[in-house]
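For reference, the structure is listed below as structure tokens.
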Amino acid sequence: MIALTFILGVSAQLAFRTLAAPATKVLSEQIVYPLHLESRADTGERVVRITDDLVLNLEKTSLFGDEVTVIGFDDDNKEVAMSMPGVDAEKDLYHDAKRLAAVHLTHDDGFQVEGVLGPRFRIRPLPAAERSSEGHVAHLLFEIEEKRENDPFHRIRRNDLRGREFNASESTFEEKSLTPEERQQVTAIYPELTVFTDSAFSKQFGYNYTKILRYVTVLVTCVNLRFTSVRDPYVWARPVYIVALNEQNEIYMALSGSRHVYDATTLDNMPKMLKGYYYFEATDISVTVTARDIISTYNGDSSTAGYAYAGTACLDLKVAITEETPFT
């Protein structure tokens, strides 16, 4: 495998910046009854009305490669893996690139929409709520607001590796500088991801692997939609492994009490403590999604929303950590 370090470095930085969304609070809520207006069998497109002012023009999403595996752990802390074909994992997944929306559409018990409707809006079904007079399923449409006013992007710094002892020859991936001719030949890249969900995040889903998979599927699709600003090559990140951690095996997490995690120390720990684990070494980028509050290793500042060593995709320090509030 040829190391596309230059290009993957750019794509990784964009991915980390997009994933590094601050924790959020709900600004407003309303009950809505989405309506499936139109389907186009030849293209797979769907037109869905959420409200009179919010109509989605959805395309079928192809997120995964051949297979995706969710890894969890039983009561004895032994690994339990659930693998499925990529087409099955994404069968209900659609996106609207213009609105930066990514949703699951299902028809099992009435038409239901769940996911992200752009930077500010989220939607989820309320199956227990009363339906409309036409029998449509009630949904909660809520607007979110960033918790922090400061820009979290400054936490993703280019120069973290300066002055550090780092031997690229010991990396699990061969690094190579691309010639201009080689760069011209690369029209699309598909960085493979391992997504770790920490115990605080996984617990919110009751360690239900299917629910965690669905949430991460929408999350990474939203990251990919931000890649539309990247041209030549086209970039599409593909989750390969999703690892749902519990309190016993999140050994690399540098915790401060039960609600906080240190950023740089955690990233330093990842390649050291996860070395030899196939789901860490087999992919280009590993991202930890935490429901805890990230704080700075250096000064305890809690304004950090995401942290990464930019430009290290495919190397041992191909790691990042980001806050994510479940169900927002």
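What the sequence shown shows, in mature numbering (1 follows the signal peptide of the UniProt record, and there is no 0), is residues -20 to -1, 1 to 308, in sequence order.
By construction, the Cβ of each residue, glycine as well, lies at the ideal position given by its N, Cα and C atoms.
Values in this document were obtained by computation on a predicted structure and should not be read as measured data.
| message | One question on the structure: do threonine 41 and alanine 82 come within less than 8 Å of each other, judged by their Cβ atoms? | response | For the purposes of this step, residue 41 is identified with residue 61 of the sequence shown, where counting begins at 1. For the purposes of this step, residue 82 is identified with residue 102 of the sequence shown, where counting begins at 1. Cβ atoms of threonine 41 and alanine 82: closer than 8 Å.
| Residues near glutamate 150 in its chain [Cβ-Cβ closer than 6 Å; skip 5 each side] | In the sequence shown, the residue the question calls residue 150 occupies position 170. Here the model assigns glutamate 150 a pLDDT of 42, short of 50, so the residue's position is not dependable and the matter cannot be decided.
| field | Short Cβ contact (8 Å threshold) for isoleucine 265 with isoleucine 222 | value | For the purposes of this step, residue 265 is identified with residue 285 of the sequence shown, where counting begins at 1. For the purposes of this step, residue 222 is identified with residue 242 of the sequence shown, where counting begins at 1. In this structure, isoleucine 222 does not lie closer than 8 Å to isoleucine 265 by Cβ.
| task | Reducing DSSP to helix, strand and coil, say where arginine 79 ends up. | result | To locate residue 79, count along the sequence shown from 1; it is residue 99. In the structure shown, arginine 79 sits in coil (DSSP, three-state: anything other than H, G, I, E or B).
| How many Å lie between tyrosine 259 and asparagine 229 at the Cα? | In the sequence shown, residue 259 corresponds to position 279, counting from 1. In the sequence shown, residue 229 corresponds to position 249, counting from 1. Approximately 14 Å between the Cα atoms of the pair.
| Beta-bridge pairing of methionine 64 - partner residues as DSSP gives them | Within the sequence shown, the letter at position 84 stands for residue 64. Answer by DSSP bridge pairing, in chain order: Val48.
| What's the call for valine 67, buried or exposed, on a 16-neighbour Cβ count within 10 Å? | Position 87 of the sequence shown, counted from the start, is the residue given in the question as residue 67. Flag for valine 67 reads exposed.
| query | Excluding the five sequence neighbours on either side, which residues of its own chain have a C-beta within less than 8 Å of the C-beta of glycine 45, listed in chain order? | reply | Position 65 of the sequence shown, counting from 1, holds the residue named residue 45. Closer than 8 Å at the Cβ level, and outside the excluded window around glycine 45, lie Gly66, Tyr170, Glu172, Arg218, Val220.
| request: Would you kindly work out how many angstroms separate the C-alpha atoms of histidine 240 and alanine 234, rounded to a whole number? | output: For this step, residue 240 is matched to residue 260 along the sequence shown. For this step, residue 234 is matched to residue 254 along the sequence shown. Note on geometry: alpha-carbon atoms of histidine 240 and alanine 234 lie some 9 Å from one another.
| query | How is valine 93 classed by DSSP in three states: helix, strand or coil? | reply | Numbered from 1 along the sequence shown, position 113 holds the residue referred to as residue 93. Valine 93 falls in the strand class under three-state DSSP.
| request: Could you tell me which of Val12, Ala69, Val60, Ala77 sits nearest to glutamate 39, measuring between CA atoms? | output: As a first step, residue 39 is located in the sequence shown; it is residue number 59 there, counting from the start. Of the listed residues, the one whose Cα sits closest to glutamate 39 is Ala77.
| Touch test, the segment 81 to 96 against the segment 49 to 64, Cβ-Cβ under 8 Å, three pairs minimum | Contact between the segment 81 to 96 and the segment 49 to 64 is absent: fewer than three C-beta pairs spanning the two stretches fall below 8 Å.
| message | Please state the DSSP three-state secondary structure of proline 171. | response | What you label residue 171 is simply residue 191 of the sequence shown in a count that begins at 1. Proline 171 falls in the coil class under three-state DSSP.
| Rounded C-alpha distance that separates tryptophan 216 from phenylalanine 207 | Your numbering for residue 216 matches position 236 in the sequence shown. Your numbering for residue 207 matches position 227 in the sequence shown. The alpha-carbon atoms of tryptophan 216 and phenylalanine 207 are separated by roughly 7 Å.
| query | For the beta strand (DSSP E) that contains serine 19, what are its first and last residues? | reply | Working through the sequence shown from its first residue, we reach residue 19 at position 39. For serine 19, the uninterrupted beta strand (DSSP E) segment begins and ends at 15 to 20.
| task | Give the straight-line distance between the Cα atoms of valine 117 and arginine 79, rounded to the nearest whole angstrom. | result | Translated into positions along the sequence shown, residue 117 becomes position 137. Translated into positions along the sequence shown, residue 79 becomes position 99. Within the model, the alpha-carbon separation for valine 117 versus arginine 79 is close to 23 Å.
| request: Pull up the distance between the alpha-carbon of threonine 268 and that of valine 50, whole angstroms please. | output: On the sequence shown, residue 268 is found 288 positions in, with the first residue counted as 1. On the sequence shown, residue 50 is found 70 positions in, with the first residue counted as 1. Spanning the two alpha carbons is a distance of roughly 14 Å.
| message | Tell me the rounded alpha-carbon separation between serine 112 and serine 236. | response | Start at 1 with the first residue of the sequence shown, and residue 112 comes out as number 132. Start at 1 with the first residue of the sequence shown, and residue 236 comes out as number 256. Whole-angstrom Cα-Cα distance: 47 Å.
| task | Would you tell me roughly how many angstroms separate the C-alpha atoms of arginine 194 and asparagine 204, rounded to the nearest one? | result | As a position in the sequence shown, residue 194 is number 214, starting the count at 1. As a position in the sequence shown, residue 204 is number 224, starting the count at 1. In a straight line, the C-alpha of arginine 194 is about 16 Å away from that of asparagine 204.
| field | Counted within 10 angstroms of its Cβ, other Cβ atoms place arginine 20 as buried (16 or more) or exposed | value | Within the sequence shown, numbered from 1, the residue matching residue 20 stands at position 40. Arginine 20 is exposed by the Cβ-count criterion.
| Boundaries (first-last residue) of the alpha helix (DSSP H) holding alanine 244 | The residue labelled residue 244 in the question sits at position 264 within the sequence shown. Residues 243 to 253.
| Does DSSP put glutamate 261 in a helix, in a strand, or in coil? | As a position in the sequence shown, residue 261 is number 281, starting the count at 1. Shown here, glutamate 261 sits in a helix according to DSSP, grouped into three states.
| request: Sort out for me which residues DSSP pairs valine 117 with in a bridge. | output: Within the sequence shown, the letter at position 137 stands for residue 117. According to DSSP, valine 117 bridges with nothing at all.
| field | Own chain residues within Cβ distance below 8 Å of aspartate 178, not counting five before or after | value | Position 198 of the sequence shown, counted from the start, is the residue given in the question as residue 178. Excluding positions up to five away in sequence, the list reads Leu225, Glu230, Met233, Val241, Thr268, Val269, Thr270, Ala271, Arg272.
| said: Quick check: what's the CA-CA separation for arginine 288 versus glycine 115? | reply: On the sequence shown, position 308 is the one that residue 288 refers to. On the sequence shown, position 135 is the one that residue 115 refers to. The sequence shown places alanine at residue 288, not arginine. A direct Cα-to-Cα measurement between alanine 288 and glycine 115 gives close to 47 Å.
| said: Suppose you measure from the CA of leucine 199 to the CA of isoleucine 275; what does that come to, to the nearest Å? | reply: Residue mapping note: residue 199 aligns to position 219 of the sequence shown, counting from 1. Residue mapping note: residue 275 aligns to position 295 of the sequence shown, counting from 1. Computed Cα separation, rounded: 22 Å.
| Shortest alpha-carbon distance to phenylalanine 176 belongs to which of Gly52, Thr167, Asn57? | Stepping through the sequence shown from its first residue, residue 176 is reached at position 196. For phenylalanine 176, the nearest C-alpha among the options comes from Gly52.
| Going by DSSP, what residues sit across from leucine 85 in a beta bridge? | Here residue 85 is taken as the residue at index 105 of the sequence shown, counted from 1. For leucine 85, which the question treats as bridged, DSSP gives the partners Val93.
| query | Is the beta carbon of glutamate 94 less than 8 Å from the beta carbon of serine 8? | reply | One-based indexing of the sequence shown puts residue 94 at position 114. One-based indexing of the sequence shown puts residue 8 at position 28. Cβ distance not < 8 Å, so glutamate 94 and serine 8 don't count as in contact.
| request: Classify arginine 231 as helix, strand or coil using the three-state DSSP reduction. | output: Taking the sequence shown and counting its residues from 1, one reaches residue 231 at position 251. One point to set straight first is that residue 231 is isoleucine, not arginine, in the sequence displayed. It is coil, neither helix nor strand.
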